[in-house]
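Notes follow the structure.
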């Protein structure tokens with residue numbers, strides 16, 4: 034079936050999000066910083082924010098466990114926007130070309146709800162989507178099948194085979210493929226461009 038809907042992940046696909054960007058400033062030592070982001074403020078811990086847990090509540094337990102890192106743990110929420118550096122190179126231009134071709138673009142992101150208004154204010158390209166499903170408002174995260182169902186409902190419940198889902202994490206594209214979506218595991222905008230051309234979308 035031809036693709037009729039494009040469903041984009043946001044972080045590391047459209048928006049350049051990298052926690053180490055902030056923590057290179059807070060923890061200059063490479064070994065210490067790597068251990069901190071692996072064992073304390075890990076992506077697994079951050080997923081609680083994506084499920085709707087507040088930054089403050091999620092930090093409290095870690096601060097109790099690792100009091101010497103209190104300021105660094107609290108910085109995850111207090112300096113959230115210092116983890117970002119604009120857009121992933123090339124993706125905004127692809128979105129412009131897709132929009133010019135008349136394609137409808139949707140978003141599906143594991144992201145906290147707490148700072149979502151700030152995200153909308155800082156990243157104009159979020160306004161180009163017809164709709165964005167944000168996990169923090171839905172109490173579930175990718176790769177839970179429930180959130181893909183929510184995304185389809187927000188698109189008007191199209192056949193999953195008519196949706197191309199684009200995400201940088203293979204576990205998320207694998208989950209979407211198991212539900213019948215067409216998928217692209219994002220590495221670079223150039224790779225996505227080639228795939229979109231092959232699918233006659235550009």
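Residue numbers (the working numbering): 34 to 235. Backbone N, C-alpha and C fix where the C-beta goes; we use that ideal spot for every residue, glycine too.
Ignore the nearest five residues each way along the sequence and tell me which others in residue 164's own chain have a CB closer than 8 Å to its CB. For residue 164, where only same-chain residues beyond five positions count, the Cβ hits under 8 Å are 139, 140, 187, 188.
Between which two residues does the alpha helix (DSSP H) holding residue 149 run? Counting along the chain, the alpha helix (DSSP H) containing residue 149 begins and ends at 149-155.
Spatial neighbours of residue 159 within its chain, please: C-beta separation below 6 Å, excluding the five flanking residues on both sides. If we look at residue 159 and ignore the five residues flanking it on each side, its Cβ neighbours are 153.
Could you check whether residue 191 and residue 214 sit closer than 7 Å to each other, using their CB atoms as the reference points? For the pair residue 214 and residue 191, the CB atoms are not nearer than the 7 Å cut-off.
Rounded to whole angstroms, what is the Cα-Cα separation between residue 226 and residue 130? Looking at the two C-alpha atoms, the distance is approximately 10 Å.
Let me confirm a value: residue 101 is counted as buried when at least 16 other C-beta atoms fall within 10 Å, else exposed. Which label applies? Counting the other CB atoms within 10 Å of its CB gives residue 101 a total below 16, which places it among the exposed residues.
At 3 residues or longer, and completely inside the region 149-221: list those beta strand (DSSP E) runs for me, N to C. Complete beta strand (DSSP E) runs here, min 3: 164-167, 196-200, 215-218.
Have a look at residue 220 and residue 47 and give me their C-alpha separation to the nearest angstrom. Cα to Cα, the separation comes out at about 11 Å.
Taking a contact to mean a Cβ-Cβ separation below 7 Å, would you say residue 115 touches residue 59 in this structure? Going by C-beta atoms, residue 115 is not nearer than 7 Å to residue 59.
Taking the straight line between their C-alpha atoms, what separation do you get for residue 103 and residue 96? If I take the Cα positions, the gap works out to 5 Å.
Report buried or exposed for residue 61, applying the criterion of at least 16 other Cβ atoms within 10 angstroms of its Cβ. Exposed, because fewer than 16 other Cβ atoms sit within 10 Å of the Cβ of residue 61.
State the start and end residues of the unbroken beta strand (DSSP E) segment that holds residue 50. Annotation: the continuous beta strand (DSSP E) that includes residue 50 extends over 48-50.
Straight-line CA distance for residue 91 to residue 70? Each residue's Cα considered, the two are about 15 Å apart.
Applying the criterion that 16 or more other CB atoms from any shown protein chain within 10 Å of the CB defines a buried residue, is residue 179 buried or exposed? Residue environment analysis places residue 179 among the exposed positions, since fewer than 16 neighbouring C-beta atoms fall within 10 angstroms of its C-beta.
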